[in-house]
Amino acid sequence: MKKHYLTPLFDPRSVAVIGASDRAGSVGAVVLANLLESGYSGKVHPVNLRHARVQGVAAFRHVRDIGSPVELALITTPSKTLPDVIDECGRAGIKAVVIMSCDFVGTDARTRKLLDRILVRARQYGIRLIGPTVFGMARGASKFAAANYLGKIKPGNMALVSQSSSVTSAILDWAESHDIGFSSVVSLGVAADVDVGETLDYLVADNKTKSILLYIEDVREARTLMSALRAAARSKPVLVLKVGRYDDEVKLGRTHSERLIGRDDVFDNALRRAGVLRVRSINQIFTAARVLTNNYRAKGRRLAILTNGIGAGLMAVDRARDLNVPLPKLSNDTVARLDAIIPGQTSRDNPVDIVGNAPASRFEAATNIVLDDPDVDGVLVIFTPQAGTDHMETARLLAALHKAHDKPILFAWIGGKKVEASRNLLAKAGCAYFHAPEQAIEVFYSLAAWQHNQQLLLQTPGPIGEWDAPDLDTARLIIDGVLASGRSVLDEIESKAILRAFNIPVTLTMRAASADEAVNAAMGMGLPVALKIDAEGVLHKTDVDGVALGLTSLVQVAAEANKMLARARDRLGDSLKGLTVQPMHGKKNARELMVGVAHDRAFGPVITFGAGGIAVEIFNDVAVALPPLNEYLAENLIRRTKVKKMLETFRNQPAADVDAIKAVLLRVSEMVCELPQIQHLDINPLVADEGGVIAVDARIIVAPVAPDARRYGHMAIHPYPSQLVQVAQLKNGMPVTIRPIRPEDAELIIAFVASLSEETRYNRYMSTLKSLPQIQLARFTQIDYAREMALVAAVESGGGEAIVAVARFVVNPDYDSCEFAIVIDDAWQGKGLGNRLMNALFDAAREMRLSVVEGEVLTSNKTMLSFMKSLGFAIKPHPDDDGLKWVVKPL
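In this text, residue positions in the sequence shown follow the numbering used here: the first is 22, and each later residue adds one.
Written out as structure tokens, the structure reads:
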């Protein structure tokens, strides 16, 4: 198998330290000392212009003098030397570089120009580089410490990826004092070349890394970051600490949606959709990582609290209510079983008080009983050292119970030296213990949030729903006309026409150039009516006294129209086009909502939902979601607002039609998927009652899109590529559905792999495995359609589906080629399926604008090699393995 393309950076066999030094405290001295003292088994070559030996090791004046291959160069010389040093590395055949020049700071024009020169030289030689960064990096398992750090980095199973050298050093110092180790530490610094996304990709494949901690200051390439986060989160817990949660700039957006959301709201939603957990402090990041790495999982949010000290239990209750962690009422059966083992009249509610002097056996029995309650998803056991208690035996029994049960048990072991030994016992057993009950509550909240985010990760909505298809041609025609006229803002009638094209109910709206025309329009549609100013560039009509509601007579309509037009002529001049007239929709049970689209500079289009009306920005009740949406995600968006309560039944008011609200959100999602020109959208108000919804007012802002823009390239999350679904007819007339894989195909893939013959399995996976490991199964079925594709061939079987073939490719780092693989069920070989599937895969690659498909085939697999030749592949020797052939096809 080919090595990962970043292996020379992260696991080099030989290293040159350019600028290696004996001068104490210098970067060159610290980095070389760490490499020599860490136990790194590779070759280390100091490079120094003046000295023949550095720190007792033979040194070279130039990398070209080394005389043996060097995989990685660590450059610690001043920044002004970097272009020439990169040039020298390139001529010496070095393909990986870490820039650690301590004077490379700032973002001024001179620094940017220097960085551009460095990148041009690096790309000229095919060099990949990390930095500029003052810290560098370290790898625990290989004892590779290429770090400008004076402390010790203990090996462990967590990886730390950071955008800040100073924060990296601070985290490592904190970790050292808490005996926490790392599989990798990578400080990317400026990240001029290798970025967070590529680093995460490498760590996903690293079997020494069980969880990933990420410190982020800024997001530049949102699509790349989201893609990498989602790929990593499918197989390992990923925790993110991001600074800059508050916006400094004043919001001057042109729409409510634009002004209401902050950049951190969008980032927060992006993390949820990526299946990762956000933490707020260094302490939290390690606590959560330790718990997740120990395979703690919460299948729900409902927590039961059990304690031998009711005061400590109430402290936990307060924190749970702060975080909205549900504390369920225990069932009658649970209470009856607790009554049988707990003396006295202490609380059998939640929290459960098992009495101060509770023996270890009562802790164990009560915990077991509460775990059995079907309304409980996890248990917090709070131990306080009191007379009659046995902390060691209690810890031993509960640790065994934790190991045997699939519901999580968290332990708040309150006290100091008296309970230190039992805390150590819990730690060795892989149990999550805490010094205070509030900490345990916070971690359970995080567990439940992470589990929920993992469900969000599995959602793969398509760009278009299964209901009535939108009229895309009409919508595009309207937008093209607006842009051709030099405008960016659609008026109300144009905006509503777009909504109507996407099957969103809108109010009838008619134009009126005069008071007489307004009266005629009102007569035609019936009273009462609303009048609004129709003027170019006016986004909020109330700001110019341009709205009159509830006009119940034609006399009122005429009078109000004349007054409104007179005011508007004075204020708006030539931009005034007239008025619009529409019927009033003031229903008895109406709720005013807002649905919108804003444009985030990193993550692209964002859908907003919340309370509507003229006071929308005062109430500031809004939630955001990255498109595309499906019903589950739309419901989740609604649930995260305060207005959700208003949609429910209240006294004599019936519940609003939430399904109709969700339908609007889904259609807005379709809109932003298929119309990349849309930058901003406000539907405000969207009036909802028990009978449905209707858009009363709408405004859309558009911008031109580059003619060569990639389909869905404007979105942070690629929709399910439903355009690739097709039904193929095989040689025997059998219909087969060829479609992109989905996360819910996991069980079908398990059955498919089990059905393959040993030879077919070996030819595809180059091993005789009978089933896919869980991590590999997740990686195969939960894919990012922006950078990989997996097409399955599915047939009807027993009232459901069976997968009989899979073809896939992964886009290479050059974004011009991809590496493919294909496997077909033995019983379906020779029927023309392979040909149909590969041609469908070629079409998918062309849609991504790839120009080359390549792959590995076992030299012994003559049938596959013959098939490749028939498809137009060239058969070449493999660069790394004589047992393989490299097959290449230009598209």
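The beta carbon of each residue, even a glycine, is placed where N, CA and C say it ideally should be.
Asked                                                                                                            : Found
Continuous alpha helix (DSSP H) assignments of at least 4 residues falling wholly in the stretch 287-336         : 303-314
A490 classed as buried or exposed, judged by whether at least 16 other C-beta atoms fall within 10 angstroms     : exposed
Beta-bridge partners of F894, as assigned by DSSP                                                                : Note: F894 sits in no beta bridge, so no partner.
Assigned secondary structure, P29 (DSSP; H/G/I helix, E/B strand, else coil)                                     : helix
Length at least 4, wholly inside the stretch 629-714: the alpha helix (DSSP H) runs in chain order               : 637-640, 652-660, 679-695
Burial state of K683 (16 or more Cβ within 10 Å)                                                                 : buried
The beta strand (DSSP E) enclosing Q366, as first and last residue numbers                                       : It is not in any beta strand (DSSP E) - Q366 carries neither H nor E in the DSSP assignment.
Exposure label - R138; buried when at least 16 CB within 10 Å                                                    : exposed
Boundaries (first-last residue) of the beta strand (DSSP E) holding C839                                         : 838-845
Meets three-Cβ-pair contact criterion under 8 Å: the stretch 463-481 and the stretch 652-664                     : yes
Integer Cβ distance of G114 from Q145, believed to fall under 8 Å                                                : In fact, because the Cβ distance is near 13 Å, the residues do not count as touching under 8 Å.
Outcome for M336 when other beta-carbon atoms lying within 10 angstroms are tallied against a minimum of 16      : buried
8 Å Cβ cutoff met for A309 and V300                                                                              : yes
For F465, three-class secondary structure by DSSP                                                                : helix
From A253, L468, V550, G558, residue whose alpha carbon lies closest to that of V503                             : G558
Whole-number beta carbon distance between A539 and L552, since they are thought to touch under 8 Å               : 6 Å
Span of the beta strand (DSSP E) around T601                                                                     : 597-604
Whole-angstrom C-beta distance between G754 and N705, which should lie under 8 Å                                 : Not confirmed; about 55 Å, so no contact.
Distance, I824 Cα to A865 Cα                                                                                     : 19 Å
Euclidean distance between Cα positions of F888 and R284                                                         : 51 Å
Buried versus exposed call for I148 [16 or more other C-beta atoms within 10 Å across all chains shown]          : buried
Contact under 8 Å by Cβ, M158 with K231                                                                          : no
Cα-Cα separation, A646 to C694                                                                                   : 13 Å
Inter-residue spacing [alpha-carbon to alpha-carbon] between F384 and D374                                       : 10 Å
First through last residue of the alpha helix (DSSP H) which encompasses A357                                    : 353-360
Unbroken alpha helix (DSSP H) run spanning G853, endpoints                                                       : Neither: G853 is in no alpha helix (DSSP H) and is coded neither H nor E.
8 Å Cβ cutoff met for V643 and V689                                                                              : no
Runs of alpha helix (DSSP H) lying entirely within the stretch 140-203, each at least 4 residues, in chain order : 186-198
Segment limits, beta strand (DSSP E) that includes F455                                                          : 453-455
Which of helix, strand or coil DSSP assigns to L511                                                              : strand
N-terminal and C-terminal residue of the beta strand (DSSP E) that K64 is part of                                : 64-68
Terminal residues of the beta strand (DSSP E) in which T388 lies                                                 : Careful: T388 lies outside any beta strand (DSSP E), inside the alpha helix (DSSP H) at 381-393.
Opposing strand residues paired with K116 [DSSP bridges]                                                         : DSSP, once it has assigned bridges, lists no residue as partnering K116.
Own chain residues within Cβ distance below 8 Å of T495, not counting five before or after                       : A518, A522
R497: first and last residue of the uninterrupted beta strand (DSSP E) it sits in                                : Careful: R497 lies outside any beta strand (DSSP E), inside the alpha helix (DSSP H) at 493-505.
Three-state secondary structure assigned by DSSP to D864                                                         : helix
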